[in-house]
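Undergrad: Take the sequence shown: its position 77, counting from 1, is numbered 77 in the working numbering, and each next residue is one higher. Here's a structure for you.
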Amino acid sequence: MKVSLLLPELKVFTRAVSALGKLGDDLYFECGAGELSLRCVNSSRSAYAAAFFSTNFFEKASGLEDRDDTPRFKLTAKTCCRVFKPSVSWDKIVRKCRLQLDDSGNTLIVQFFSASWACKNIQSAYD
């Protein structure tokens, strides 16, 4: 899976991650069927929420095809909210964001690109 987001889409994606992160402890990512889905269940399993992002939402998307070995993984909501927490000057600094799974398939790499610096990498292992 490899997707790129421009700033307007990144803002929407960030709000979705933030909203889901308030609901539960873990965020479940699933890539496939032409979309990226984020799901969350609270600790008592009484509330459930999901956000679906089609390939049209992303600037570039690959690895979201419908196939048998659909990548599924979970990250702690706290980690996701920390990575995608917008700062005051985000609008002026960040131009693009790329999310991708590494080749070994056990690390999510988040890269932020701007005009002043080439990229900022954040790697997070997942279950």
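For each residue, glycine too, the CB sits at the ideal point set by N, CA and C.
To the nearest angstrom, how far is the alpha carbon of residue 111 from that of residue 6?
TA: Residue 111 and residue 6: Cα-Cα distance of roughly 12 Å.
Undergrad: Can we say the stretch 82-92 touches the stretch 42-56, given the rule of at least three CB pairs closer than 8 Å?
TA: Contact between the stretch 82-92 and the stretch 42-56 is absent: fewer than three C-beta pairs spanning the two stretches fall below 8 Å.
Undergrad: On the DSSP letters alone, give me the boundaries of the alpha helix (DSSP H) that residue 13 sits inside.
TA: 7-23
Undergrad: Candidates 97, 54 and 93: which alpha carbon is nearest residue 116's?
TA: Residue 116 has its Cα closest to that of 93, out of 97, 54 and 93.
Undergrad: Below 8 Å on the Cβ atoms is my contact criterion, and I expect residue 58 with residue 3 to pass it. Report the Cβ-Cβ distance as a whole number of Å.
TA: 5 Å
Undergrad: Which word fits residue 52, buried or exposed, when buried means at least 16 other C-beta atoms lie within 10 angstroms of its C-beta?
TA: Per the 10 Å Cβ criterion, exposed.
Undergrad: Look at the alpha carbon of residue 99 and the alpha carbon of residue 9, and state the distance between them as a whole number of angstroms.
TA: 13 Å
Undergrad: So, is residue 88 buried or exposed, given that buried needs 16 or more other C-beta atoms within 10 angstroms?
TA: exposed
Undergrad: Taking C-alpha atoms, which residue in 18, 56, 106 and 23 lies nearest to residue 46?
TA: 23
Undergrad: Give me the DSSP bridge partner(s) of residue 50.
TA: 39
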